[in-house]
Each structure stands twice: as C-alpha cells, then as structure tokens.
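So the protein lines, in turn, are chains A, B, C and D.
With positions in the first sequence counted from 1, the corresponding number in my numbering is that position plus 209.
With positions in the second sequence counted from 1, the corresponding number in my numbering is that position plus 4.
With positions in the third sequence counted from 1, the corresponding number in my numbering is that position plus 1349.
With positions in the fourth sequence counted from 1, the corresponding number in my numbering is that position plus 38.
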Amino acid sequence: MTLLTVIVLGALLICAVATCIAKDLLVSVIIFLAYSLLMSILWILLQSPDLAITEAAVGAGVTGILFFITLKKLHAIKVKNDEEKDR
Amino acid sequence: MGDILSLLWTHLDVTVAILLFGIGFTTLLLHHNLIKKIIGLNIMETATFLFLTSQGFIAGRAAPVLAEGAAAAGYVNPIPSGLVLTGIVVSVSVTAVMLALTIRLYRRYHTLDIDSMTLMMKGEDE
Amino acid sequence: MQLVQNVPFFSIMLAMISAVVTPVLPRRAAKWLSVGMVSAVVCLHIWFLPFMLSFGGSYNYMMGHFPAPWGNELRAGLLETVIALALSIVMLLSQLSGMNKLQRQIDTPKQGLFYVMCNLIMAGMLTLTYTNDLFTAYVFIEIMALSSCALMMARQVGHTMVASMRYMILSLLGSGLILIAIALTYNLTGHLLMENIHAVIARYAANGAYALPISVIIGLFIAGIAIKCGVFPFHMWLPDAYGYSTSAASAVLSSVVSKAYFFLLVKIFYRVIGIDVVLSDMALNLMLVLGVLSMILGSIGAIRCLDIRRMVAYSSVSQMGYLFAWIGLGSDVGVAAAMFHLVVHALCKSMLFLSVSPLCDASGDSKRFVDLRGAGYRYVIPGIAFSLGAMSMVGIPVLGGFFSKIFFAEAAISGAGWVRITLLAALALSTLLNAFYFMHTVLGLYRKPREGFVRQPFIKSRLTAVTLSVFGAVNLAIGFFAKDIINLITTGIQNLA
Amino acid sequence: MKKKIADILRQRFYGDESPLDEDMIASLGEQPQGLTRSSNEALEALEGVRELRVQRAQEQEHEMYRQIHAWSYSSGVKIIQRLYRILSAVTCFGIVMFLLWTVNTLPPFGDPGNPDNNEVAARYVELGPGETGAVNMVTGMILDYRAFDTFGEATVLFTAACSALFLLKLHDHKDGKPTKTWLEAEYDDRFHEPKNDQILQFAAKLLTPVVLLFGFYVVLNGHITPGGGFSGGAIMGAGLILYLNAYGFKKTERFFTYRTFQWVTFAALLSYAGLKSYSFYTGANHLESGVSLGVPGNILSAGFILPLNICVGLVVMCTMYVFYTLIRKGGV
C-alpha cells in the first residue's frame, strides 16, 4: 500500500461526494470526469493498464462528451421552449 | 472498534470501493434529478469495477503483458481486468441509453425531476 | 459428440446473427426473419427434446477450445430444454399474434428495430437458460435489460417512457447488486464456471468457512433478481409498462423476460451455490417474505384497477410472487411446483395480454371494463382465449393453473411449522382474490353492452384468430399432460444439481 | 403547486405534441349517457336497475379515485415520498454497512495465496502465449478463452445503439425529402453549435489524424501491448466526434452516414459471429481449427485475435459516434 494509492483513494471519495452534492449539473459532470481520471490512475497503480487506457478513453472521454452534449441539448430545448412561451 | 478499523485499513481498496458503491447507490435511488441519477449509476458501476480489480492485484507483481524469459509467478491475475473491461463497455452503453431517454422525457415534460414527471403522466390519464 | 448436441449453440447463434442482420433488411423481411428464426429454434428444440430424454443426464458444451475452468461453456440438461422450448413457443405465438396491432401502434420506420429487440431477447433468454458461466449470465442480463427497455417504449406514449425510465433505474440497481455478488463469488472461489464454484463452496460449507459472505451472496442474488422480475416493493414501473406498451411487447416482457431471470436464479441456487447450502440459509426467508407480500398485494392492486390491461399486469406481480414464495419454502417439491407454474404462467399470461388487445379493439379502442361489456360476443375467439386464460389462472380443473395450484398446495403441506400455515393461507387468500377479479372480468365480457354503446367497425385479423386458437390449444394440452410435465421437471431438477 | 405547474406545462403541450394517444381520445368521445328505460319488459327493467346501480357504484369509485388523486397531489404525496426516501436511505445505509462487515471476513488484499489466484489464472499466464498467441494476456483471455462473453459485450453496444435509435432517430420521408421535424432539428443544430470556429478547426485539422492513427494503433496492437478493440475504438470515435464538432455535419456526411453505420456494424458483428462460431463449433466437437498462431509478439500473430480486435474496434467507433450524433441532432 503506497502513499500514492491512499491519496488517490481519498481523492476518489471526495470527488464522489462532491459530484453528488454539487448544485450545478455542469460542475457535477466535470467533477465526475475528474473522478474517472483518478480511477484510471488507480488502475495503473493496481497493475491493470488495459483498464486504465479503456477508462481514460471511455469513462473520462466519451462518457464526458455524451454528458456535455446532453446538457447542451437540454439547454437548447429549454431556450426554445421559453421563446415559445414569450411569443 | 480499533480491531475493525485496522481490518478495514488492510482492506482499504475494497472498503473505499464499498463506500463509493454506497454513494452511487444512494444517488441513483434518492436524487430527484435524472442527470444526477445517471452520474450516480456511473459511480456505482466504477466502484464495483474497483472492487473486482482489487481482487486481481498481487503485491509486487507486474501487469500481465508477458515478457520473454520472465517467470510466470511475476504477474498479477488477468481475469478481473478482462471482466472489468467488459463491464466498462456495458456501463457506457447503459449511460448512453439513459441519456437518450432523459432527452425524450425532457422534451415531453420539461423537467428532469422524475417525481413531477410521474405526476404529469398521471394527469394525462384523467 | 453428435450433431443434435449442438442445438443449444445453434439456437443462440441463430438468434444473435439474425439480430445483427435485421437492421440492414427492409421491414417486411425483418419481420419474417424474426418469426422464421424463432420457429427454427422451436423446431430445433422439438428435435432436441427426445434426444435429451433418451440421453438421461446432462452434458457440457465447450464454447471454444478450452475446457471447464478456462473457457466459456454451455450446459444442456432436461430442465433447460423444457424451459427453453416453452419460452420459445411463447415468443413465437406472441410475435405472430401481436403483429397486426404492432403495425398500427409503432412508427413504420421503427418496426425493424422492434424485431431486432425481439431477436436479442430471444438470444438472451436462450443464453440465460443454457449458460454454465456466471459472467456470461451478467452480460446477457444487461442485453435483456436494454432490449426490454426498448420493447417497453416501442410505443412512445408518456406512460411507457416514464415507466421505462423507472425500469432502467431499478434494473440497473439490480444489475449492480448482481455484479457485486458475482465479484464476491469470484473473490471467494476464484472461478466463474458454475460447477467449479459449486465445488469450492461445498468445500467451504463442509468446514464452515466464509459463512457470512456466502449468505450475503445469496441475499444479493435474490434481491437483484427480485428487482428485475418486478415483485412487490419493486413493481412501480410494471403496470404502466405492461399496460400501455404494444401487446406483443407486454406478452414477451411478462412471459419471456421475467421467466428467464427467474430460471437463472433457480440455476444459481442449484448449480452455483448448491441447494443444500441455500436451503439451510437465512437469506432464503427474504424470498418467502417478498413472495407472500407480492402475492397478496399484487392481487389487491389488480382488484383496484378500472382498466383491463393494468389488471392483467398487476396479476403478473402476484403470480411472480407465487414463484418466489415457493422457492422460499425451501424444498425440492416447492421448486418443482414453481417450475411447473413458470411454464403454465408463461403460456397463460402471454395469451391473456394478446387476447385483451383485440377485445379492446372490438370495444372502440377502450380498455375500461364498462366499455368491454359484451366484447366476448363481438369478437369470439379472443373472448374464448381470455376466458380460458382467466380460468386457468383462477385454477378451474383440467386447466394448467389448476394443477399448479394443486402442486403448490402439496408442496406447502410438506413444509414445516409457520411457513406451512403462512403459505397455505396466502395461497387460499390469493386464489380467492384471483377468482374475484378474473371471474368478474370474464362475466363482464359476456354481458349486454352498456346502453348507449355504439358498435364501431374494427379490423378482424385472421392471423390473430389462428394464433390465439393455437395458444388456447397449447394451454389445454398443458392441463392434459400435467402429470408428464411435472415428471419431466422433477427429473430435470434432479439432473440440475 | 406541482399541480399548477403540471397544468401549465400540459396546456402548452397540447399544442405541438398531443399527449393523448388513441385510447384516450376514444374514451373521451363516449361520455356516459343517462339511462333510458324501455317500458315494456320487466326483465329489461330489472337489468336497467342493476345497470344503474353498477353505474352509481362506478361513479362512486371514480369519485374516490379523484379524491385520492387530489390528496396525492397535495399533502399525501409528500408524506409518502418522505417515507419512501427515509426507507431507501436506511436500506442504502444498511447495505453498505452489511457489505463493509462482509468485506472484513474476505481474504486479505494483494496476497498471492488468495483463493482467486488459482490454477485458472496460472494457466492463463503460463500457457497463454502458446495457446492463444497473444502476449497481452488480458486480450488473450477476453478474445480467446472467454470469447463468448466478449461477443455478448459487443452485442450490448449494438443493443444500446439500437435503443438510442429507437428513441431519438428522426426519419426522412419515403421519397427522400426531409420532414418538418428533421428540418427543425437541422436548424436548431446550426443555431446552437459553433460555426466555423477558426481555432477549433485548426486544432481539429492537426489533431484528428493523430487521434485516429493512435486509435488504430491501439486496436492493431491489442494482443501485444495494453489496449485493444474497446479502448482503440473509443479513441477513434472520439476523433470522429472532434472532427464533427469542428466542421459540422456537412463534411462528415461525405464519409459517414446512417448507412455507413448500418453496414459497418453489420459487417463487423457478422464477421465476429462467423469467426467465433467456427472456433466454438470446432472446439466443442473436438475438431482441429487449423488456425496458425504465429510467433507471439509479432503483429501478424495470435490467430483470430487481430481480426476480432478490428471488428470490435469498428463496432465501438461507430457506436460512440452514433450516440453523439443522435443526442446532438437526432440522426447521423
């Protein structure tokens, strides 16, 4: 058990709690991406480079992109809806 | 009490995995907001994967990419890594489907709160 | 190895490949490919069943060049064959019978995708039935969850969308619990193949090691599968999902998907953990409690409904409760009764769902009981099919449901102490409630229509009539051959361990 | 309060997308009429009285439901929700505590003598290169020893893509003309997404080839170095998404349309199924497969693993890209 592992584990816990209590959805998603990156570091420490590269590409990469585009889309729907309401 | 704490310390990875699982599970079950629920789901699944991976780890051994002439006893267990690889892909596909559903529901009900959605749905029925 | 022994593998691959091929086909071809695939699977199994009967035991089928603890495996035995055959027949008849309604209810360009999902559910069902590997089971549970969510929301109205969101959330909680259970199992035993895990756990049980983790594993598996089957506290999504999706989807979801999950649980008990370990474990009581609660509360929910499809959906909750409660009883007789009821209920509930939708068409597209009066005269064959199914669910003699009630009662009597009393009381109460709501409905179907009811023209489909007649015949046959089927199942359960 | 919001939202909604489906419209049309009684036959009169009674009972029942609804909109739903939340919180806490307690009784962390470091893992590591031809044992395991799982996994991606298509795909007319919704989606997309952003386009011009090349490298070297179809496919998918973001749909449609997705997934999954069916069939029937494994460590080695990795990589790439486009615009 190295010191680095302990630090990463602690940071993971902090990130998870922060994601869940953050008020803003965008902030929450960004913290979640940090969580994924920490997880991939942890996986390197646990000697599973395959998982690390997959998590970095899928968890921190594509999942993040999907979350962002969803938030953007939701915002677009909301804007459109508000415009219609004003009319 | 001290006993239990020291035991938890020796199982630190697994303990953290269980705690993360709890955080994710609670968010998935209790948070109103759908996006938060999906993030909770992701946290829960990665925690499970951490739990699985930590079982393959053997202190002082290397990743299972075999080098010529090295002894077989020098590598960690490759099975959990393979299983988790499968799991990660499952989790991203589930996330994508949930996000798609969220967009459809938002387009229809203009809210991300599942309880008010249910109320509006019941309202349609009357 | 003879050619016939490849049947499980051929069926699974056939289903998977037709799922992959379907998206590039035109819509009509997609439909007939799916139907053709399911009928091919049924035919293969009809070829396979006599072989399994003469073969006696069971055998393992290597998926690849590596034997048991290293590679994936399938396992074929008598019980698996019977269940797979029954569920494939249900699938075939549901697809054929719901076809016309489906064409009207689902957007035309999306119908091809509907059949992709049907094929995937078929593949998942076959794999969950035949697999000998816990992790394969997990992967296919996820396939089933995603594709049943898609089936649910194929008809996109508010109810089905919200229901499928709720279903996804609960179902993923269930998957999470199952995955943790698999991880714990792997941690304790170091294997993923069912027989190897069983050997190690039997060794632990003999010297009393790791008693707590094994209990936890059993509890997690029960909770996970219970969530996915929609028994009582987890049934919130079920009435909306089954009540508003297209009829073929409701039939497939209630009869194929939840039954496949349940059979997986039985397989885990027998082949992974070992039935003697499970039976002496406290965690089994969880199943009993969940089962009894959902038997009673599901029936009460059904009585409170004003709408026929929601009623049938709630009745599904209560019938899943029977299965859970009698596994929870903790004896081989109970398991045999539950397996028999699984087959009967799969055939019966799909017939109910499929006969309800033509009846509703005949009543001016209304699902309310008031409008359904006299529908039995307006559309004869679905009326008869519905009455047959309802009578079987209530337990009118000679039909399948009657025998399953008898087997349930026999099994409950062989139980001990308060479990026996609880189960017998629950069985009596639930049968009474069943009889109340089902007979009320059937009598309503043959009453005079309410005054002011204007008969509207509706499309009678020959295909639906023919398949519903076949459905009825199959249900009658189940009652007729009940003794043989229960014998098959009892032998199958002995082979399973 | 919630009721009010619901009403407002619903009223707005009746406009563009009617939440009433056919069943409901049909039931709206038939308001229960007052009963007229035919005077002649006593039997019918009796029937009529019964009808009346039943109807009254039903009305009472309806009234009861309406009251329950009214109650549930105001205070009832709050009480029930709070109860439900407290119960769920207790359940979650219970599950976590229970699992923590269980974890303490498990075998120790990182110990070589644990039950999971048994003959299975040992054989993978010792005989793996000889039996599968792969040097990276994780890839060797998932694509050869346990290839059926991995086929299931690729199918999960396919299932998810189909479900997303079900939910979000906007369809053209039969004669190829775009529909109104499609045009609206196109307009919205142009309105909300970046237009000819110079910095982004320059960065994309530099990065996209590198990212795609790296992804392809990871896929091809899956059996030698860490990585493989899944990670490489995700990287390539991310590269495509970057290109799309910089240049918009006009450019990407030249080489990636819905048909591309259909046919690539179809071909990749079908060849996966074909190759693996062959080796499952030969394996189970104890036939020789006749595939040469080559020298472990070379790029052209490891039998089926290299083509399988490419298939998986293509499926993952297409699926990731399609997820993105579906969420963004509702079509490829």
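For glycine and all other residues, C-beta sits at the position ideal for the given N, C-alpha and C.
Quantities reported herein were computed from a predicted structural model and do not represent experimental measurements.
Asked, Found
"Would you tell me roughly how many angstroms separate the C-alpha atoms of T1879(C) and I1361(C), rounded to the nearest one?", "For residue 1879(C) there is no data in the structure shown, the boundaries of chain C being 1350 and 1846."
"If we define contact as Cβ-Cβ less than 7 Å, is M1350(C) a contact residue for chain D?", "yes"
"Give me the chain A residues within the contact set of G44(B), using Cβ-Cβ distance strictly less than 7 Å, ordered along the chain.", "C229"
"If contacts are defined as beta-carbon pairs under 8 Å, then S237(A) and I43(B) qualify, I think. What distance do you get, rounded to the angstrom?", "6 Å"
"Tell me which residues share the same chain as N1421(C) and place their Cβ nearer than 7 Å to its Cβ, disregarding the 5 neighbours each side in the sequence.", "M1412, G1413, D1482 and T1485"
"Can you tell me which of the three DSSP states V1719(C) falls into?", "helix"
"In chain B, which residues lie less than 9 Å from T263(A) when you measure between Cβ atoms?", "V88, L89, I92 and V93"
"Is the distance from the Cβ of R1376(C) to the Cβ of G1461(C) below 7 Å?", "yes"
"Terminal residues of the continuous beta strand (DSSP E) containing M1412(C)?", "Y1408 to M1412"
"Beta-carbon within less than 7 Å of L235(A)'s beta-carbon, same chain only, minus the 5 sequence neighbours each way: which residues are those?", "L280"
"When the cut-off is 7 Å and only beta carbons count, does I124(D) lie next to chain B?", "no"
"Around the C-beta of A1598(C), are 16 or more other C-beta atoms found within 10 angstroms, so that it is buried, or is it exposed?", "buried"
"List, from N- to C-terminal side, the beta strand (DSSP E) runs of 3 residues or more that fit wholly inside the region 1629-1668 of chain C.", "none"
"Find out if the Cβ-Cβ distance for the pair L1849(C), F1757(C) is shorter than 7 Å.", "With chain C covering 1350 to 1846 only, the question about residue 1849(C) has no answer from this structure."
"Nearest-angstrom Cα distance between S76(D) and D1720(C)?", "The pLDDT assigned to S76(D) is 39, lower than 50, so where the model puts this residue is not dependable; a value taken from the coordinates is nonetheless given after this. If I take the Cα positions, the gap works out to 21 Å."
"Taking 8 Å as the threshold, find out whether the region 337-348 of chain D comes into contact with the region 166-177 of chain D through three or more Cβ pairs.", "yes"
"Under a Cβ-count criterion, where at least 16 other Cβ atoms within 10 Å of its own Cβ denotes burial, should I1432(C) be classed as buried or exposed?", "buried"
"Is the beta carbon of T263(A) less than 7 Å from the beta carbon of F240(D)?", "no"
"Please say whether M1543(C) and V1615(C) have beta carbons closer to each other than 7 Å?", "no"
"Would the region 1799-1807 of chain C count as touching the region 1713-1728 of chain C if we require 3 or more Cβ pairs under 8 Å?", "yes"
"Tell me where the alpha helix (DSSP H) around R112(B) begins and ends.", "I83 to Y113"
"Tell me which residue opens and which closes the alpha helix (DSSP H) that R1804(C) is part of.", "That residue, R1804(C), is in no alpha helix (DSSP H); it is neither H nor E in DSSP."
"Below 7 Å on C-beta distance, what does V350(D) contact in chain C?", "Near V350(D) there are no residues of chain C at all, since even the closest Cβ is about 14 Å away, more than 7 Å."
"Please classify T1457(C) as buried or exposed, where buried requires at least 16 other C-beta atoms within 10 Å of its C-beta.", "exposed"
"Write down the C-beta distance between L1678(C) and L1772(C) rounded to the nearest angstrom, noting that I regard them as a contact closer than 8 Å.", "6 Å"
"Would you mind reading off the limits of the beta strand (DSSP E) that contains N1421(C)?", "N1421 to A1425"
"Using a Cβ-Cβ distance under 7 Å, would M355(D) count as near chain B?", "no"
"Is the CB of I39(B) under 7 Å away from at least one CB in chain A?", "yes"
"Beta-carbon within less than 8 Å of F189(D)'s beta-carbon, same chain only, minus the 5 sequence neighbours each way: which residues are those?", "Y310, A311 and K314"
"Answer yes if the region 1570-1579 of chain C comes into contact with the region 1514-1526 of chain C, meaning at least three C-beta pairs across the two stretches below 8 Å, and no otherwise.", "yes"
"Can you tell me whether W1396(C) is buried or exposed? The criterion is at least 16 other CB atoms within 10 Å of its CB, across all chains shown.", "exposed"
"Between I1366(C) and L308(D), which are expected to be in contact by the criterion C-beta below 8 Å, what is the C-beta distance as a whole number of angstroms?", "7 Å"
"List the residues of chain A whose Cβ lies closer than 7 Å to the Cβ of P264(D), in chain order.", "P258, D259 and I262"
"From which residue to which residue does the alpha helix (DSSP H) around M1740(C) run?", "V1729 to V1743"
"Measure how close the beta-carbons of L54(B) and L24(B) come, nearest whole angstrom, since I'm counting them as under 8 Å.", "7 Å"
"Can you tell which of G277(D), D154(D), Q236(D) and N234(D) has its C-alpha closest to the C-alpha of P247(D)?", "G277(D)"
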